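First the structure, in the form of structure tokens, and then the observations on it.
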Amino acid sequence: MALVPPPAAAELAIAPTDPPAVSTCSTPRARYDETAVDGKSDSDVEDRFDGAGRGGDAEGRYSGRRPNDDGIYYPEGGFKAWMVVVGSCFGTAVTLGMMNTVGTIQAYVREHQLKEYDEGTTGWIFSTFIFLGFFGGVQVGPVFDAHGPRMLILAGSVCLGASMLLLGLCTQYWHFMLCFGILGGTGASLIFTPALSAISHWFNEKRATATGIAAAGGSVGGIVFPLALQKLYTVVSFAWATRIVGFVVIFCCAVAVILVRSRLPPKPGQTVIPSLRILRNPAYLSVTLGTYFMEWALFVPIAYITAFALSTGAMSTAFSYQLIAIMNAGSSIGRALPGYVADKLGRFNSMIAALVICTAMTITLWLPASLLTTTPSSAPTIKALSIVFALIFGFASGSNVSLAPVCVGQLCDTNEYGRYYATCYTIVSFGTLTGIPIAGSLLQHTGGRYWGVVLWTTLCYVISLACFIWGRACCVGWKLGVKF
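Counting in the working numbering, the sequence shown runs from 43 upward without gaps.
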């Protein structure tokens with residue numbers, strides 16, 4: 043269904059008073075008007091168009107914003123648009139939320155069902171889940187562009203729900219790999235990519251805000267699931283704990299299936315085969331590499347913060363499991379608030395600031411906590427450093443997750459966002475596959491001390507920061523005051 047401007051658009055159009063934004067990016071150029079002032083375009087053109095009288099278009103009334111660079115009008119709000127955000131929020135609650143819960147599951151099975159395996163070996167199960175959650179975008183993204191999100195999310199719901207219901211029956215290593223790593227990871231991929239990609243069909247100027255709100259669902263899931271599992275492990279059993287969480291997952295997936303929808307038609311001749319030629323754009327290549335190293339580092343604290351707390355002996359077992367919930371509590375704010383700030387100050391600017399905070403917190407808080415030897419006098423210090431690190435790192439890293447997709451979207455046409463997003467996260471997924479096992483191997487080589495893991499995480503964040511700074515420079519140069 044093609045979108046057309048209102049019949050009276052030519053008569054109502056008012057010449058812009060601001061000079062057009064000029065991007066130094068090579069094609070594809072940035073699709074984000076850096077000179078726009080919030081609310082300005084709303085008053086410029088008051089016309090609306092209602093598809094009910096135009097070829098059966100049932101989209102309803104849209105705001106009178108001028109079209110974007112690619113000639114597309116965006117609702118930028120309204121009931122249908124915000125319901126898509128709500129549905130996406132439920133989708134990320136079970137995908138990102140489960141990715142944020144792998145540390146709780148890993149710590150339990152490492153001490154029970156898989157206690158004969160080392161950290162690096164068990165880490166492959168959970169890194170496979172995260173890897174497939176992103177890698178599946180190689181086909182999921184283009185299929186979303188061509189056919190929309192509903193059937194993809196429905197298929198993913200079946201896979202992820204079945205994975206959680208069957209997880210309690212697993213007793214062997216290969217059981218966990220097939221059930222959680224492969225089946226669950228495939229389901230997460232089928233939900234995650236279309237749930238976030240759909241937002242780009244409804245929002246442009248407010249895209250970072252909407253994406254941040256949607257991604258905050260992952261933090262909510264990351265709070266609820268670890269706390270629920272930690273409590274249910276002792277009240278019922280591991281099997282019933284995972285089944286109860288599985289029923290919650292199925293409910294959230296049902297909401298996502300109902301609410302998430304796309305709006306824009308695919309481009310003529312568009313295929314479902316990804317193209318790596320878009321990596322020729324230096325800005326896009328820099329963002330992809332930056333996101334790769336960011337994700338390489340991001341899931342290491344998420345996967346190992348519980349095991350780290352248990353290893354110190356400075357915290358009780360119950361509180362060690364709750365530390366991941368504290369991290370996700372900070373993340374819930376970090377995914378929603380920076381999106382609003384990014385729409386005001388620039389998406390790349392906000393992303394760079396978040397990476398600076400992640401790097402600083404890792405080296406100044408987690409590293410000292412990992413170097414201290416636990417004694418009656420040092421235990422309170424280790425606990426305090428761990429809590430502050432979990433909270434602040436959670437806040438900053440939460441914005442990493444919500445801002446990376448909108449940084450990608452700033453470099454492409456909206457109708458091609460699914461392909462650009464999928465290409466980026468297909469490459470990024472290999473970082474999520476290897477990050478947790480590498481950290482586990484480092485842990486073995488340092489005799490169970492976590493300082494090697496912390497330094498590895500810090501190095502990855504430093505490289506990611508450099509890549510995003512370079513990507514920004516490719517588009518707008520080295521001027522610090524430019525909103526981008």
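Cβ coordinates follow ideal geometry from the N, Cα and C atoms, glycine included. These numbers were taken from a predicted model, which means no experiment stands behind them.
Would Leu365 and Ala432 be called neighbours here (beta carbons separated by less than 8 angstroms)? yes
Relative to the C-alpha of Ile195, which candidate in Thr423, Ile480, Val302 has its C-alpha closest? Val302
Three-pair Cβ contact test at 8 angstroms for the stretch 225-244 versus the stretch 182-189: yes
Is it a yes or a no for the stretch 388-407 touching the stretch 440-455, going by three-plus beta-carbon pairs under 8 angstroms? yes
Check the C-beta distance from Phe176 over to Thr474 and give it rounded, since I have them as a contact under 8 angstroms. 6 angstroms
Exposure of Ala351, with buried meaning 16 or more beta-carbon neighbours within 10 Å: buried
Which of helix, strand or coil DSSP assigns to Ala296: helix
Quick one: complete alpha helix (DSSP H) runs, 4+ long, within the stretch 435-502? 459-487
Cα-Cα, which of Thr423, Asp455, Thr499, Cys212 is closest to Ala402? Thr499
Looking at the structure shown, is Ser19 part of a helix, part of a strand, or coil, going by DSSP? Past the edges of the chain, shown from 43 to 526, lies residue 19, and the structure says nothing about it.
Secondary structure at Trp216, three-state DSSP: helix, strand or coil? helix
Please say whether Leu225 and Cys201 have beta carbons closer to each other than 8 angstroms? yes
Gly129 and Ala298 closer than 8 angstroms at C-beta: yes
Quick check on the DSSP output: the alpha helix (DSSP H) that includes Glu337 runs from which residue to which? 324-354
Let's test the definition: count the other Cβ atoms within 10 Å of the Cβ of Gln214 and tell me whether it reaches 16, buried, or not, exposed. exposed
Shortest alpha-carbon distance to Val495 belongs to which of Cys454, Leu340, Ser392? Leu340
Could you have a look at Phe526 and say whether DSSP puts it in helix, strand or coil? coil
Reduced DSSP category for Leu211 - H, G, I as helix; E, B as strand; rest coil: coil
Skipping 5 residues on each side, what residues in its chain have a beta carbon closer than 6 angstroms to that of Ser362? Thr348, Ala351, Leu352
May I ask you to report which of helix, strand or coil DSSP gives Gln364? helix
Can you check which of these residues, Phe335, Lys248, Cys131, is closest to Ala237 by C-alpha distance? Cys131
So Asn246 is in the alpha helix (DSSP H); what residue range does that whole segment cover? From DSSP, Asn246 is part of no alpha helix (DSSP H); its letter is neither H nor E.
What does the alpha-carbon distance come out to for the pair Ala325 and Glu247? 20 angstroms
In whole angstroms, give me the CA-to-CA distance for Gly119 and Phe245. 7 angstroms
Using 8 angstroms as the cut-off, can you tell me whether the stretch 275-288 makes contact with the stretch 248-264, which would need three or more C-beta pairs spanning the two stretches below that distance? no
Rounded to whole angstroms, what's the CA-CA distance from Ser65 to Arg322? Just pull it up for me. Any reading at Ser65 must be qualified, since the residue scores a pLDDT of 42, below 50, and its modelled position is unreliable; the value itself is stated next. Rounded to whole angstroms, Ser65 to Arg322 spans 17 angstroms at the Cα level.
Under the three-state reduction of DSSP, which class applies to Leu318: helix, strand or coil? helix
Would you report the Cα separation of Lys82 and Gln486, rounded to the nearest angstrom? For Lys82, the predicted structure reports a pLDDT of 37, less than 50, and the residue's modelled location is therefore unreliable. A value from the coordinates is still provided. One C-alpha to the other measures close to 58 angstroms.
Identify, in the order they occur along the chain, each residue of the same chain with its Cβ nearer than 7 angstroms to the Cβ of Thr416, setting aside the five sequence neighbours on each side. Thr354, Gly355, Ala356, Ile424
Could you round the C-beta distance between Thr235 and Ala464 to whole angstroms and report it? I think they count as a contact, below 8 angstroms. 6 angstroms
Mind reading off the beta-carbon distance from Ser506 to Phe173? Whole number of angstroms is fine, and I expect it under 8 angstroms. Not really, about 18 angstroms apart at Cβ, beyond 8 angstroms.
CA-CA distance, Ala508 and Gly332? 8 angstroms
Identify, in the order they occur along the chain, each residue of the same chain with its Cβ nearer than 7 angstroms to the Cβ of Ala135, setting aside the five sequence neighbours on each side. Gly259, Gly260, Val262, Gly263, Cys294
Supposed contact pair Thr164 and Gln148 - C-beta distance, whole angstroms, cut 8 angstroms: 6 angstroms
Do the CB positions of Ala250 and Asp385 come within less than 8 angstroms of each other? yes
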